[in-house]
Amino acid sequence: MAAVSLAVAALAPVTAAQAQTAGAAPWPAGPVRLLVGFAAGGPSDLVARAFADHAARPLGQPLVVENRPGANAVLATEAVAQARPDGQTLLAAASNHAMIPALYAARIRFDAARAFSPVCTLAQSATVLVVGPALPVRSLAELLQLARSRPQGLTYGSPGLGSSPHLAAERFARLAGVPLVHVPYKGAAPVVTDLMGGQLELSLATLGSVLPHLKSGRLTALAVASARRSTLLPQVPTFEEAGLKGFTVDTWYGVLAPAGTPAPALQALTREAMAFGQSPAVRERLASAGLEPSTVCGEAFAAQITQEIALNQRLAQALDLKAE
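Set out below in structure tokens:
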């Protein structure tokens, strides 16, 4: 079930025609640009396009998705941070947004928290602990027992340095007190390939990247890092149920507007974001990619981003992470 932020529960319904204040121009004034910091075909792109399809008719203008991949989404993020705050340029952001300050502080010319007015999250992907055929374990307890017997550390793969799965695995290793050896890749696909081939032993992966292989039995899920079980993997326990408390990691996908965007535009976008996750067609489209609806809006979303930035900065400092 989608989590709906109390910060927006009392929002009065507005229509696109009403999304204006006295003396202000109607919003949207034309096609709305929705920038994605990754290439087409990935989860960020999928969520952005699903939202664009959903919101275009009620808003009365198309949402045009523009892919600007590069530097872990820094290029697209900077473009939106510097855009005119009129609601005509938006960012389709993801959890990696909260990692940008830790990795790119010396390079970026914007504040990842203050430069934006967070609208809402739209979807989330559970983070799941998976093992391949190289590890003969079928539970978290068995994995931890094996890991503690191997002081050289079990190998795990991630889509890259500073990626959400990388940080999730490092948090897991510290919380569980087990040695792990990081093997960074350029993307999630080769991680999955090497897991299935036995070159890697485990991974903390986003559910969407491994779901087909869990269904086929080529990979095994031991636990999901969410507060509750995933509706897409109801048979797999949470980390807390499996015996490790305090470990939750969800990858979110949402919409950010430039700071100073007029309230009527934010209200109209919030309304559509809240309706997005309630649509059966949207839910089916998300589920096909291992995603579930999520709706955390306004101040609650902003607070979440601020907290994640602080957490990631501490973790990056502890790991001595720097952008490549």
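Per this note's numbering, the sequence shown starts with residue 273, numbered consecutively.
Ideal placement from N, C-alpha and C gives every residue a C-beta, glycine not left out.
No experiment lies behind these values; they were computed from the predicted model shown.
Looking at residue 387 and residue 353, is the spacing between their C-beta atoms short of 8 angstroms?
-> Translated into the one-based positions of the sequence shown, residue 353 becomes position 81. Translated into the one-based positions of the sequence shown, residue 387 becomes position 115. In contact: residue 353 and residue 387 (Cβ atoms closer than 8 angstroms).
The alpha helix (DSSP H) with residue 585 in it runs from where to where?
-> For the purposes of this step, residue 585 is taken as the residue at position 313 of the sequence shown. That run of the alpha helix (DSSP H) goes 570 to 591.
Contact the segment 400 to 411 vs the segment 493 to 504: 3+ CB pairs below 8 angstroms | yes
By a C-beta neighbour count over all protein chains shown, 10 Å radius and 16 as the cutoff for buried, is residue 420 buried or exposed?
-> On the sequence shown, residue 420 is found 148 positions in, with the first residue counted as 1. Counting Cβ neighbours within 10 Å, residue 420 comes out exposed, since fewer than 16 surround it.
Is the CB-CB distance between residue 429 and residue 401 below 8 angstroms?
-> Translated into positions along the sequence shown, residue 429 becomes position 157. Translated into positions along the sequence shown, residue 401 becomes position 129. Not in contact: residue 429 and residue 401 (Cβ atoms no closer than 8 angstroms).
Might you give, ordered along the chain, the residues of its own chain that have their beta carbon closer than 7 angstroms to the beta carbon of residue 395, omitting 5 neighbours on each side?
-> Taking the first residue of the sequence shown as position 1, residue 395 is located at position 123. Counting only Cβ-Cβ distances below 7 angstroms, and skipping sequence neighbours, we find 319, 525, 558, 563, 564, 565, 566.
Which residues in the same chain have their Cβ closer than 6 angstroms to the Cβ of residue 593, if we skip the five residues on either side of it in sequence?
-> As a working mapping, residue 593 is identified with position 321 in the sequence shown. Closer than 6 angstroms at Cβ, skipping near neighbours: 434.
How many angstroms separate the CA atom of residue 355 from the CA atom of residue 437?
-> As a working mapping, residue 355 is identified with position 83 in the sequence shown. As a working mapping, residue 437 is identified with position 165 in the sequence shown. One C-alpha to the other measures close to 30 angstroms.
CB contact flag (residue 442, residue 538, <8 angstroms) | Locating residue 442 in the sequence shown gives position 170, where the first residue counts as 1. Locating residue 538 in the sequence shown gives position 266, where the first residue counts as 1. The answer is no: Cβ separation not under 8 angstroms.
Using the C-alpha atoms, what's the distance from residue 440 back to residue 584?
-> For the purposes of this step, residue 584 is identified with residue 312 of the sequence shown, where counting begins at 1. For the purposes of this step, residue 440 is identified with residue 168 of the sequence shown, where counting begins at 1. Approximately 10 angstroms, taken between the alpha carbons.
Is it true that the CB of residue 322 sits closer than 8 angstroms to the CB of residue 554?
-> Translated into the one-based positions of the sequence shown, residue 554 becomes position 282. Translated into the one-based positions of the sequence shown, residue 322 becomes position 50. Contact: yes.
From the DSSP output, in three-state form, read off residue 437 for me.
-> Here residue 437 is taken as the residue at index 165 of the sequence shown, counted from 1. Helix.
Under the three-state reduction of DSSP, which class applies to residue 373: helix, strand or coil?
-> Counting from 1 along the sequence shown, the entry for residue 373 is found at position 101. In this structure, residue 373 counts as helix in the three-state DSSP scheme.
Tell me whether residue 465 sits in a helix, a strand or coil according to DSSP, three-state version.
-> The sequence position of residue 465 within the sequence shown is 193, counting from 1. Correct three-state label for residue 465: helix.
Can you give the Cα-Cα distance for residue 577 and residue 470, rounded to whole angstroms?
-> In the sequence shown, counting from the first residue as 1, residue 577 sits at position 305. In the sequence shown, counting from the first residue as 1, residue 470 sits at position 198. The straight-line gap from Cα to Cα measures roughly 36 angstroms.
Mind checking residue 219: buried by the 16 CB within 10 Å criterion, or exposed?
-> This structure cannot speak to residue 219, because the chain is shown only from 273 to 596.
State buried or exposed for residue 431, treating a residue as buried only when at least 16 other CB atoms are found within 10 Å of its CB.
-> Locating residue 431 in the sequence shown gives position 159, counting from the first residue. The residue in question, residue 431, is buried, as its Cβ has 16 or more Cβ neighbours within 10 Å.
Just to confirm, does residue 433 get its C-beta within under 7 angstroms of one of the non-hydrogen atoms of the ligand GTP?
-> Ligands in the displayed structure: none, and consequently the ligand GTP is not present.
What residues are listed by DSSP as bridge partners for residue 485?
-> Residue numbering aside, residue 485 sits at position 213 when the sequence shown is read from its first letter. DSSP output for residue 485 lists no bridge partner at all.
Quick one: is residue 304 near chain C, going by C-beta distance under 8 angstroms?
-> This model lacks chain C altogether, as it is built from one protein chain only.
Assigned secondary structure, residue 293 (DSSP; H/G/I helix, E/B strand, else coil) = Taking the first residue of the sequence shown as 1, we reach residue 293 at position 21. Caution is warranted here: a pLDDT of 45 is assigned to residue 293, below 50, making its placement in the model unreliable, and no coordinate value can be reported.
As assigned by DSSP and simplified to three states, the class of residue 310 = Here residue 310 is taken as the residue at index 38 of the sequence shown, counted from 1. Residue 310 falls in the coil class under three-state DSSP.
Ignore the nearest five residues each way along the sequence and tell me which others in residue 486's own chain have a CB closer than 6 angstroms to its CB.
-> The residue labelled residue 486 in the question sits at position 214 within the sequence shown. Taken in chain order, the residues that qualify are 493.
When you compare each of 372, 399, 529, 302 to residue 499 by their alpha carbons, which one comes out closest?
-> Working through the sequence shown from its first residue, we reach residue 499 at position 227. Residue 499 has its Cα closest to that of 399, out of 372, 399, 529, 302.
Give, in chain order, every unbroken run of the alpha helix (DSSP H) that is at least 4 residues long and sits entirely within the segment 360 to 412.
-> 372 to 376
Supposed contact pair residue 306 and residue 375 - C-beta distance, whole angstroms, cut 8 angstroms | As a first step, residue 375 is located in the sequence shown; it is residue number 103 there, counting from the start. As a first step, residue 306 is located in the sequence shown; it is residue number 34 there, counting from the start. The pair is not a contact, with the Cβ atoms about 24 angstroms apart (cut-off 8 angstroms).
Considering only residues of the same chain and omitting the five flanking positions on each side of residue 293, which have a CB-CB separation below 8 angstroms?
-> For the purposes of this step, residue 293 is taken as residue 21 along the sequence shown, with counting starting at 1. Below a pLDDT of 50, predicted positions are generally treated as unreliable, and residue 293, at 45, falls in that range; the measurement from the model is reported next regardless. Excluding sequence neighbours, residue 293 sits near 534, 535, 536.
Alpha-carbon spacing of residue 413 relative to residue 511, whole angstroms = What you label residue 413 is simply residue 141 of the sequence shown in a count that begins at 1. What you label residue 511 is simply residue 239 of the sequence shown in a count that begins at 1. Straight-line Cα distance between these residues: approximately 10 angstroms.
Compute the beta-carbon to beta-carbon distance between residue 473 and residue 427, rounded to the nearest angstrom, for a pair I have assumed lies under 8 angstroms.
-> Working through the sequence shown from its first residue, we reach residue 473 at position 201. Working through the sequence shown from its first residue, we reach residue 427 at position 155. That pair is a contact at about 5 angstroms.
What three-state label does DSSP hand residue 287 in the structure shown?
-> Taking the first residue of the sequence shown as 1, we reach residue 287 at position 15. Below a pLDDT of 50, predicted positions are generally treated as unreliable, and residue 287, at 44, falls in that range; the measurement from the model is reported next regardless. Three-state DSSP puts residue 287 in coil, outside helix and strand.
Exposed or buried, which one is residue 560 when buried takes at least 16 other CB atoms within 10 Å?
-> Mapped onto the sequence shown, residue 560 falls at position 288. When all chains shown are included, residue 560 counts as exposed.
Neighbourhood of residue 509 by C-beta, 6 angstroms cutoff - its chain only, sequence neighbours within 5 removed | Reading the sequence shown from its first residue, position 237 is the one you call residue 509. Same-chain partners within the cutoff: 495.
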